[in-house]
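Engineer: Numbering (this note's numbering), first residue to last: 14 to 172.
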């Protein structure tokens, strides 16, 4: 019986040591959870920080969605703006130099707009405007006007 009592005491002692180790580990885990959930005075509450960041991201997502809708609306207006421009300068008459005559094409993304030409002669200067729809005109375009229109439609200076 003495041997059984000694073994039981040893087992009880080992169980107490194991329980002590488990208690130390449990205290460490509880301390970590107190830090996470704001129970300790060691720093900010992680749950509140995460909640605040979630709210901030949600707000930013709503703003990005609203801005995206506005950009889609502005894109149509930009495409309709007369923003493609090209100027071709030339000598309209062989006896005059200085390339004082010009043709300027001003069109939108679809090719709608106008071509303005100014023909400079010795005693006078004449200016003409021709409407352009879808890259073409009902009126006959001169080679210089066609060159200016082609350059404006491709956003190049030397079409």
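Even for Gly, the Cβ is constructed at its ideal location relative to N, Cα and C. For clarity, every value in this text was computed on a predicted model and none was experimentally measured.
(1) Identify the residues that DSSP records as bridge partners of residue 145: which are they?
(2) In angstroms with no decimal places, state the Cα-to-Cα distance between residue 124 and residue 115.
(3) Inspect the beta-carbon positions of residue 144 and residue 127 and report whether they are closer than 8 Å.
(4) Which same chain residues end up closer than 8 Å to residue 103 when comparing Cβ atoms and leaving out the 5 residues on each side of it in sequence?
(5) Of the choices 159, 151, 121, whose alpha-carbon is the least far from that of residue 130?
(6) Count the other C-beta atoms from every protein chain shown that fall within 10 angstroms of the C-beta of residue 99, then say buried if there are 16 or more, exposed otherwise.
(7) Have a look at 118, 139, 136 and flag the residue whose alpha-carbon is nearest the alpha-carbon of residue 149.
(8) Whole angstroms are fine: how far does the CA of residue 19 sit from the CA of residue 59?
(9) For the beta strand (DSSP E) containing residue 112, list its first residue and its last residue.
Structural biologist: On the basis of the coordinates in this document:
(1) The residue you call residue 145 lines up with position 132 of the chain shown. Secondary-structure assignment with DSSP links residue 145 through a beta bridge to 126.
(2) Taking the chain shown and counting its residues from 1, one reaches residue 124 at position 111. Taking the chain shown and counting its residues from 1, one reaches residue 115 at position 102. If I take the Cα positions, the gap works out to 20 Å.
(3) Along the chain shown, one-based indexing puts residue 144 at 131. Along the chain shown, one-based indexing puts residue 127 at 114. Yes; because the gap between Cβ atoms is below 8 Å, this pair is in contact.
(4) Locating residue 103 in the chain shown gives position 90, where the first residue counts as 1. So the list reads 112, 114, 115, 116, 157, once near-sequence residues are dropped.
(5) Here residue 130 refers to the residue found at position 117 when the chain shown is read from its first residue. That would be 159, whose Cα lies nearest to the Cα of residue 130.
(6) Residue numbering aside, residue 99 sits at position 86 when the chain shown is read from its first letter. With 16 or more Cβ atoms within 10 Å of its Cβ, residue 99 is classed as buried.
(7) Numbered from its first residue, the chain shown carries residue 149 at position 136. Among 118, 139, 136, the Cα nearest to that of residue 149 is on 118.
(8) As a first step, residue 59 must be located in the chain shown, where it is residue number 46. As a first step, residue 19 must be located in the chain shown, where it is residue number 6. Near 50 Å, if we compare the C-alpha coordinates of residue 19 and residue 59.
(9) Within the chain shown, residue 112 is the residue found at index 99, counting from 1. First-last for residue 112: undefined, no H or E at that position.
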